[in-house]
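Just below is one structure, and these are the notes that go with it.
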Amino acid sequence: MQTQFDCLINSFLEHNVGLAEHFLQEPLAIQLKANLLALHHDQQLREAGIGNRTVHVQDKLLRSDKIYWLDRLHENVAENLFLDLMDNFVVYLNSTCYTGITGYEFHYALYEKGSFYKRHLDQFRSDNSRVFSMIMYLNADWQSQDSGELCIYHSDHTQTIAPLNGQCVFFKSNELEHEVLETHAVRMSITGWLKVGS
Ligand code: OGA
Ligand code: MN
8 MQTQFDCLIN SFLEHNVGLA EHFLQEPLAI QLKANLLALH HDQQLREAGI
58 GNRTVHVQDK LLRSDKIYWL DRLHENVAEN LFLDLMDNFV VYLNSTCYTG
108 ITGYEFHYAL YEKGSFYKRH LDQFRSDNSR VFSMIMYLNA DWQSQDSGEL
158 CIYHSDHTQT IAPLNGQCVF FKSNELEHEV LETHAVRMSI TGWLKVGS
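Residue 8 is where the sequence shown starts when you use the numbering used here, and the numbers rise one by one after that.
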């Protein structure tokens with residue numbers, strides 16, 4: 008576990024984007040994906056909104072994924088294992104990098120074929136509590152022709168990341184604009200934010 012945490016943090020410190028290929032262990036990724044597909048089947052996923060307001064017609068031009076927030080109250084084994092992992096990561100990050108993270112929020116995300124999320128920043132203008140963005144992918148057998156890459160816009164280059172199973176991406180929420188290219192296959196992930204303040 009610590010090796011994956013170090014891998015993520017060290018690549019973040021070096022390149023402003025942390026990448027760890029096997030951040031989620033395969034059995035956990037499989038269980039979380041099964042949860043997400045079951046939620047989708049039961050029509051529990053909701054169209055995602057932009058910012059901290061309710062879904063608006065304009066939002067659909069910006070993003071077309073569907074989401075479901077994780078919560079310990081669901082008493083779901085895999086979800087709780089995932090949140091335990093995040094608790095451990097926050098303790099490790101705070102103790103090694105003095106980041107002062109006090110909370111987090113995570114949701115499942117499902118992009119159906121043809122879905123996308125246009126270029127954006129993860130921090131709201133009205134709320135700067137989101138400090139770090141974290142995305143973990145749940146796509147076994149992802150093919151390059153499936154597209155659906157995450158593009159991160161650095162000042163001098165664009166970084167393209169395929170949504171490979173178990174991989175984690177980690178970056179500052181208020182610094183790096185990014186976008187999800189239109190996907191040609193169902194694209195699944197857990198996305199969240201490490202936060203400060205209440
Ligand atoms: C987001 C986001 C990127 C991805 O949900 O804010 O940018 O690769 N997701 O899913
Ligand atoms: Mn984003």
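Beta carbons are placed, not taken as given, at the ideal position from N, Cα and C, and that holds for glycine.
Because the structure is a prediction, the values reported are computed rather than measured.
Check	Outcome
What separation, rounded to the nearest whole angstrom, lies between the Cα atoms of His185 and Arg79?	29 Å
To the nearest angstrom, how far is it from the Cα of Lys73 to the Cα of Tyr118?	6 Å
Within the same chain, show all residues whose beta-carbon is closer than 7 Å to that of Ser196, passing over the 5 residues directly before and after it, in chain order.	Ala116, Ile142, Met143, Tyr144, Leu145 and Pro170
Verify the contact flag: Asp129, CB atom, against every heavy atom of the ligand MN, threshold strictly below 7 Å.	yes
Relative to the ligand OGA, is the shortest distance from any of its heavy atoms to the C-beta of Thr198 smaller than 7 Å?	yes
Nearest by alpha-carbon distance to Ser162: which of Val24, Leu44, Cys14 and Ile16 is it?	Val24
Residue range of the alpha helix (DSSP H) that Leu4 falls in?	Residue 4 lies beyond the residue range present for the chain, which begins at 8 and ends at 205; the question has no answer from this structure.
Would you report the Cα separation of Val138 and Ser154, rounded to the nearest angstrom?	28 Å
Going by Cα to Cα distance, which pick from Phe113, Gly107 and Cys158 is closest to Leu92?	Phe113
Leu88 and Leu77: beta carbons closer than 8 Å?	no
Keeping to the same chain, check which residues put their C-beta closer than 6 Å to that of Leu31; ignore five residues upstream and five downstream.	Met143 and Gly173
Could you have a look at Ala45 and say whether DSSP puts it in helix, strand or coil?	helix
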